[in-house]
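Student: The C-terminal position of the sequence shown is numbered 117 in numbering that gives the first Met the number 0, with every residue numbered one higher than the one before it. The beta carbon of each residue, even a glycine, is placed where N, CA and C say it ideally should be.
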Amino acid sequence: MNFGFNPPDPDAVKEAMNRLKDVFARAAAADTGSAQPLFQKLSDTFNKAVDSAQDLQNQNPDMDPRQAMAQLMPTLMQVQMSMSRIQQAARTNPAAAEALQELMTDMRSEMSALLGGM
0 MNFGFNPPDP DAVKEAMNRL KDVFARAAAA DTGSAQPLFQ KLSDTFNKAV DSAQDLQNQN
60 PDMDPRQAMA QLMPTLMQVQ MSMSRIQQAA RTNPAAAEAL QELMTDMRSE MSALLGGM
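1. Determine the DSSP secondary structure at N59, reduced to helix, strand or coil.
2. Would DSSP call T44 helix, strand or coil?
3. Find the nearest neighbour of E101 within the set D8, A11, D30, judged by alpha-carbon distance.
4. The alpha helix (DSSP H) with A118 in it runs from where to where?
5. Tell me the rounded alpha-carbon separation between L41 and A27.
6. By how many angstroms is the C-alpha of V78 removed from the C-alpha of A120?
7. Using the three-state DSSP reduction, which class does R84 fall into: helix, strand or coil?
8. By Cβ distance, which residues of its chain are closer than 6 Å to L19, with the 5 residues on each side in sequence left out?
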């Protein structure tokens, strides 16, 4: 019984993840002054998480999602730490605050588009 849940098309997920990479790359390229290295690190770390997830999927398509999450957890924690640092910088850096707001809006749009296709 799937309770009305249909898994997303794997190709659509890959496309969505690539669009999210672009979202993070745009944030990293934004003129955020002293916060720019933080946005670049966030983008690099997010790309690493996506690439690792895709590698895991390619290596073992039947992998238990809990096992995959356990393997991705260190990278996901780095994403969270980078995001926290950007939030701190955004408190005193208007350009960082604007880039962060745009990043969050774009992320929500991409996630809504992906989840809407399920």
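Tutor: Looking at the coordinates:
1. As a working note, residue 59 is residue 60 in the sequence shown. In this structure, N59 counts as coil in the three-state DSSP scheme.
2. Working through the sequence shown from its first residue, we reach residue 44 at position 45. The answer is helix: DSSP assigns T44 an H, G or I state.
3. Here residue 101 refers to the residue found at position 102 of the sequence shown. Minimum Cα distance to E101 is reached at D30.
4. In this structure the chain extends from 0 to 117, so residue 118 is not present and cannot be described.
5. Position 42 of the sequence shown holds residue 41. Position 28 of the sequence shown holds residue 27. Rounded to whole angstroms, L41 to A27 spans 8 Å at the Cα level.
6. The shown model of the chain, from 0 to 117, leaves out residue 120, and the question about it has no answer.
7. Residue numbering aside, residue 84 sits at position 85 when the sequence shown is read from its first letter. Residue state, collapsed to three classes: helix.
8. Walking along the sequence shown from the start, residue 19 turns up at place 20. Hits under 6 Å: E109.
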